[in-house]
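Asks: Just dropping this structure here.
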Amino acid sequence: MEKTEKKLIEDVNVTFEDQQKINKFARNTSRVTELKNEIEAKKKSLQNLQDASDDLMMLDDDALLIPYQIGNVFVSHSQEETQEMLEAAKEALEQEVRGLEERVSAIQQVLGDLKVQLYAKFGNNINLEADES
Numbered sequence: 001m002e003k004t005e006k007k008l009i010e011d012v013n014v015t016f017e018d019q020q021k022i023n024k025f026a027r028n029t030s031r032v033t034e035l036k037n038e039i040e041a042k043k044k045s046l047q048n049l050q051d052a053s054d055d056l057m058m059l060d061d062d063a064l065l066i067p068y069q070i071g072n073v074f075v076s077h078s079q080e081e082t083q084e085m086l087e088a089a090k091e092a093l094e095q096e097v098r099g100l101e102e103r104v105s106a107i108q109q110v111l112g113d114l115k116v117q118l119y120a121k122f123g124n125n126i127n128l129e130a131d132e133s
């Protein structure tokens, strides 16, 4: 390390406010990861509902009762009722996914602001990029 570079590193003083920003950045980064995992899980459930709906449309027997899981219990419904329940479940999941995506977007704005502030003060002395390992 050169003498001037070492002096720059020593001159950077981390204040309580800076530490609070770093902590907030870490918490929000962790929360974004959790939300993205939750979104992926809901999208998989949504795909499962779509697959079930597609399979149900292929049935020719309108008199056939279809078991539909509600909690821990299976209840038999007509094909039409089951299709309606699947559509309602898909709509609810899509709405949940949209809500989660909006939360991720809002948090990412906060993270962007914090990044600007922290990089402005600490420059290359701080690494706020996610590890892609």
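Counted the way full-length UniProt numbering counts, the sequence shown spans residues 1 to 133. The beta-carbon is built from N, C-alpha and C at its ideal position, and this holds for glycine as well. Please read all numbers here as calculations on a predicted model, not as lab measurements.
(1) Going by CA-CA distance only, name the one from Leu118, Glu87, Leu65, Gln108 that's closest to Asn48.
(2) Can you say whether Phe25 is buried or exposed, counting buried as having 16 or more other CB atoms within 10 angstroms of its CB?
(3) Between the C-alpha atoms of residue 138 and Lys90, what's the straight-line distance to the nearest angstrom?
(4) For Val12, tell me which candidate among Val97, Ala120, Asp113, Glu129 has the shortest Cα-Cα distance.
(5) Using 10 angstroms around the beta-carbon of Thr15, count the other beta-carbons present and answer buried if the total reaches 16, otherwise exposed.
Replies: If we stick to the structure as given:
(1) Glu87
(2) buried
(3) The requested residue 138 is not part of the displayed model; the chain covers only 1 to 133.
(4) Ala120
(5) exposed
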